[in-house]
Structure formats: structure tokens, C-alpha cells
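Below is one structure; the comments refer to it alone.
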Amino acid sequence: MTDHPYFISCDWGTSNFRLRVVEAATLDVLAQRATGQGIQRMNEQFLSGDRSDRYRHFAAYLREQVDLLPEARPTFPIVVSGMASANIGMQELPYGKLPIGRQARNLVSEVREFRSGQALVLVSGVHSETGIMRGEETQALGLLDELDPQAEGVLLLPGTHSKHLRYRQGRFTDFQSYMTGELFEFLTSRSILANSVRDGVWNTRTQSAFLSAVQTGCREGATAHLFAIRAGHVLRDTDPVDNYYRLSGLLIGAELHDVAVEVEQPLWLAASGSLRILYRAALQELCGADHLVVLDDQLIERALLRGQCQILATHG
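Numbering (the numbering used here), first residue to last: 15 to 330.
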């Protein structure tokens, strides 16, 4: 691991900003701070200003937040991952190339002097032939030690843009992105289906509706069945909570079609909260439980920190 006993983790996403002071050896978080000042908002503020120095604009906010962070010291290096290296971030970096392994040598980084005696390590994302990602690769790196070094399988990272990372003997070799979360948010809040669905309790009835839709989505795809949710609500007064889980099941089932075809390979699921419940149920329905490993919450929570720690060791 890194020679630095402590570092400052910065996870700067599109909508959120999070800082943590981390003890490298244990990954214990000594202090943390979070705001809603994500990259998108920061970029809008930059474009409405004098536009003279993009890095300086973002670094000023980062410096302000670091100074408010208890336990932070001016000698602790700062590792910045997420959207900060995008073209709307503090400094654009090109995407690294697959494959990536534990040493993360294929990632592109920029090391700058943040303040006298304090380094800032800005990290890029990675690309495949058909996809790009920034942020998830750092989490995936942090989970590598939990995957069988001799195996070949898929690591699933559900979210707004879910990622399925192909894994082979200690390296991620390819990935596919799915807009499942973004589509679900749009369809439940801004589409014609919005009045036919309502969030509600996960129970035996809603689970049944969800799993039936998972099978349909996996077998036939989602789009041909979406309007049926609206029609069922109008014609048969189907329960909006059941419809909510039907919609979720259709989208998740369609996403999982490819992994369901390859049922003999190991599948590692890294998800928390409601996504963990839904994806675990869907994967067990489609693939069975024998090849599914559901990673625990503590591992997932620390994955980003472990990945950043490894990046610091290689690039810092």
C-alpha cells in the first residue's frame, strides 16, 4: 500500500462532493465532510464567471472545504476521483485503457502541488471499445481483493448508470454500461407512467410482481412492456405500488439478460440498500444462488477508499 500513513479522499461526483480523512493502513475514516457542490454546479459557476482558470476555480473550493475538515493536515496528500477529471471538471484527463489490475498502472493521473508540501493526485476514468466511466473504476479496484484471483466472471455495480465489469484472473478486461437507474427515475417521475406508479413496501406481493417482470424483461426486453403498466392501471386499476416494482423488474431484467445467459460464471454484486435487495432477488431468480456472491456493506463502503489508496501508492 501507500507510504503515506494518512490521505484525504475526495469523491467529486456530478451532483455531490465528499471529503474524508483516511488512515491508510486501516482505511478508518477520521473525519468527513459532504456538500451538494458537485461538478455540474461548479462548472456552471465557472462558466458564469470570468472563465480564466478552470483548475484554480475548482481548487479554491476544494481548499476551502479541506480547511473545514477536522483532522486534516497540510501534509496529507489528496486523491481526487470521480468527475473532477472530466471536461466539465477541474482538469480534463484522457481515459485510461483496459485492462486494469491492482496496481492501476493503466489509469491516467496528474500530480500537482496543491499547497506547499501537499500533493494532489487527480485520477482519470477508463474506456472500453464502446463505453466510458469515471469513478466506478476506483470502486472496482478497491474490490479486487475480494474476487477469486483464478476466476473469470462479472462484477456488478448497480446505480444510475449500472456497470458490469468483466473480470479475469485479477484484472478487469471489459465493461458494459446500462442506463437502468436513470431510465427508472425518468419513467417514474416525468413520463406518462408517473401517475401509474408509487414507491411502497417490499413484501411478498410486490416481490412477486417484481420477479415476474424480471423474467419478462430478461426474456423479451423492457420497451415492449412499459406501456402495459399504464394500460393495466387504466383498465384494471392495478396497484401503483405493484406497478412500481413491475417497472423496476422490467428494467433490471433487461439489464441482466447477458449475465443470465452465462449462468456458470461467478457474479459479484456490490450494492447497498434497496438496490442490493432488488438485484439480489433478480439475480437469484435468473441465475440461481450457487454462483452469486453478494459483497457486504462494509466492503462496499470502503471500496472507494481502498481503490484511492492503491492509486496513491502507484501514482502519488
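All C-beta atoms, glycine included, are put in the ideal place defined by N, C-alpha and C.
Best match in the options for proximity to residue i [C-alpha to C-alpha]
i: E196; options: D188, P113, H175; result: H175
i: A154; options: L264, L171, T16, L44; result: L171
i: G149; options: G103, N209, E166; result: G103
i: Q331; options: Y20, V308, A303, Q298; result: Residue 331 lies beyond the range of the chain shown here (15 to 330); nothing can be said about it.
i: I22; options: V80, T16, Y69, F31; result: V80
i: Q324; options: T252, G156, G110; result: G156
i: R260; options: L83, L82, T237; result: T237
i: R34; options: V94, H71, R70; result: V94
i: L240; options: L136, N257, L326; result: N257
i: L207; options: V255, R87, R70, E151; result: V255
i: E315; options: T187, V307, T152, L225; result: T152
i: V308; options: G330, T252, L283, T49; result: L283
i: V40; options: H329, L161, E106, A317; result: Looking at the sequence itself, residue 40 is Thr, so the reference to Val does not match. Per the Cα distances, A317.
i: T187; options: N217, L169, F200; result: L169
i: M147; options: P163, G184, L158, P108; result: P108
i: E143; options: G167, L158, G173, F189; result: F189
Residue(s) in a DSSP beta bridge with residue i
i: R129; result: Q132
i: E166; result: R182
i: V94; result: C24, L136
i: S331; result: Residue 331 lies beyond the range of the chain shown here (15 to 330); nothing can be said about it.
i: Q46; result: R34
i: H247; result: DSSP lists no partner for H247.
i: H141; result: K111, I146
i: E124; result: L136
i: L326; result: L326 pairs with nothing; no bridge assigned.
i: L171; result: K177
Rounded straight-line distance, which links the Cα of residue j to that of residue i
i: N57; j: V273; result: 37 angstroms
i: M97; j: G27; result: 5 angstroms
i: S210; j: I53; result: 34 angstroms
i: L281; j: R129; result: 43 angstroms
i: C24; j: S222; result: 41 angstroms
i: L292; j: R320; result: 26 angstroms
i: I266; j: V228; result: 6 angstroms
i: R32; j: Q46; result: 7 angstroms
i: Y202; j: A242; result: According to the sequence shown, residue 202 is Thr rather than Tyr. One C-alpha to the other measures close to 14 angstroms.
i: D17; j: S262; result: 45 angstroms
i: L179; j: R212; result: 32 angstroms
i: L313; j: R68; result: 35 angstroms
i: S191; j: K177; result: 5 angstroms
i: N120; j: R182; result: 16 angstroms
i: V43; j: P84; result: 11 angstroms
i: L326; j: V135; result: 7 angstroms
i: Q279; j: V140; result: 24 angstroms
i: P88; j: R77; result: 10 angstroms
i: G110; j: N217; result: 43 angstroms
i: L161; j: A303; result: 17 angstroms
i: A295; j: G173; result: 16 angstroms
Start and end residues, alpha helix (DSSP H) containing residue i
i: E106; result: Note, E106: premise wrong, no alpha helix (DSSP H); not H, not E.
i: L265; result: 254 to 269
i: D3; result: Beyond the ends of the chain as shown, which are 15 and 330, falls residue 3; an answer cannot be given.
i: I291; result: 287 to 301
i: Q221; result: 218 to 234
N- and C-terminal bounds of the beta strand (DSSP E) containing residue i
i: L61; result: Premise fails: L61 lies in the alpha helix (DSSP H), 53 to 61, not in any beta strand (DSSP E).
i: L306; result: 306 to 308
i: L283; result: 281 to 283
Interface flag, residue i vs chain C, CB-CB below 9 angstroms
i: E37; result: Absence of chain C from the displayed structure is noted, only one protein chain being present.
Just checking, does the stretch 288 to 298 make contact with the stretch 241 to 252 on the three C-beta pairs under 8 angstroms criterion?
-> Too few Cβ pairs lie closer than 8 angstroms, so no.
Give a yes or no on contact between the stretch 112 to 129 and the stretch 59 to 68, applying the rule of three or more CB pairs nearer than 8 angstroms.
-> With fewer than three CB-CB distances shorter than 8 angstroms, the stretch 112 to 129 does not count as touching the stretch 59 to 68.
Specify whether the stretch 292 to 302 and the stretch 216 to 233 touch according to this definition: at least 3 beta carbon pairs, one from each stretch, less than 8 angstroms apart.
-> Contact check between the stretch 292 to 302 and the stretch 216 to 233: three or more CB pairs, one atom from each, fall below 8 angstroms, which counts as touching.
Flag this pair as touching only if the stretch 183 to 202 and the stretch 121 to 128 have three or more C-beta atom pairs under 8 angstroms; answer yes or no.
-> Contact between the stretch 183 to 202 and the stretch 121 to 128 is absent, because fewer than three Cβ pairs lie under 8 angstroms.
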